[in-house]
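Presented below is the structure to which this report refers.
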């Protein structure tokens, strides 16, 4: 599938470096069942609640990064990205919460799975302790993979039936309106890569790959109903 948004040089290097990790999500049984509409609603509910918890830390990572950049445009973009993670995608959770029986209190009282905790800590720790480039590379795989995956599934399906049980999810992540978001995000990845030395860029590629691995692990934790060993 040809990318619906421009991919600058370093972002392409990151994706190529992590190609197996990035591509693994496209064939995960959770994703395939979601696309077919056969995914158990209980599994999707589990995933949605965990996703809401994850987005809180994605927002935190963006907010932390906004304090480390000096360019006002970059700062504003990161602040908007932090807000968007909670508001725009939060609407999807509200909608499914009404049909699947969960609300803000349910989300607040749910403990993240081990995989979810690990992913959240990876993003926030990288934003805090890593370079700005590493911080951007930690958050980039989530929107990049979801947008590319959503548009790939739409292409495979041809159209999304209105009565599809996960039509709202499919419609959101196949929306070409997200292409502009990715254009701005990857342009900033390139901007900070241009300022970095080879050692820093190598670390950033590793960070990117780790986030891609966590994306696969996120589908997996929902598919297997992951919990902590003592429970």
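In our numbering, the protein residues as written are 17 to 247. Heads up, the beta-carbon is just placed ideally off N, CA and C, and yes, glycines get one too.
Does DSSP classify residue 125 as helix, strand or coil? coil
Between residue 211 and residue 88, what straight-line distance do the alpha-carbon atoms span, to the nearest angstrom? 17 Å
Put residue 21 into one of helix, strand or coil per three-state DSSP. coil
Kindly indicate which three-state DSSP category residue 211 falls into: helix, strand or coil? coil
Just to confirm, are residue 146 and residue 154 a CB contact at a threshold of 9 Å? yes
When DSSP labels each residue in this structure, what does residue 235 get in the three-state scheme? helix
Report the residue from 47, 35 and 23 whose alpha carbon sits nearest the alpha carbon of residue 169. 47
If you reduce the DSSP assignment to three classes, tell me which class residue 184 lands in. helix
Exposed or buried, residue 214, counting other C-beta atoms within 10 Å across all chains shown (16 or more means buried)? exposed
Expressed to the nearest angstrom, what Euclidean distance is found between the alpha-carbon atoms of residue 244 and residue 191? 35 Å
Count Cβ pairs between the stretch 62–71 and the stretch 21–33 that sit closer than 8 Å; are there 3 or more? no
Using a threshold of 9 Å, state whether the C-beta atoms of residue 66 and residue 128 are closer than that. yes
Kindly confirm or deny that the stretch 219–234 and the stretch 39–53 touch, where touching means at least three C-beta pairs closer than 8 Å. yes
Between 186, 181, 179 and 144, which lies nearest to residue 162 when the distance is taken from Cα to Cα? 186
Kindly indicate which residue of 98, 205 and 60 has the alpha-carbon position closest to the one of residue 220. 205
Within 9 Å, strictly: CB atoms of residue 201 and residue 151: no
Kindly indicate the opening and closing residues of the alpha helix (DSSP H) around residue 244. No alpha helix (DSSP H) holds residue 244; DSSP gives it neither H nor E.
Buried or exposed for residue 179, going by 16 or more other Cβ atoms inside 10 Å? exposed
Taking a contact to mean a Cβ-Cβ separation below 9 Å, would you say residue 250 touches residue 62 in this structure? The structure shown has nothing for residue 250, since the chain only spans 17 to 247.
Cβ-based neighbour list, residue 188, same chain, cut-off 8 Å, excluding 5 preceding and 5 following: 105, 108 and 166
Going by the beta-carbon positions, is the gap between residue 164 and residue 20 smaller than 9 Å? yes
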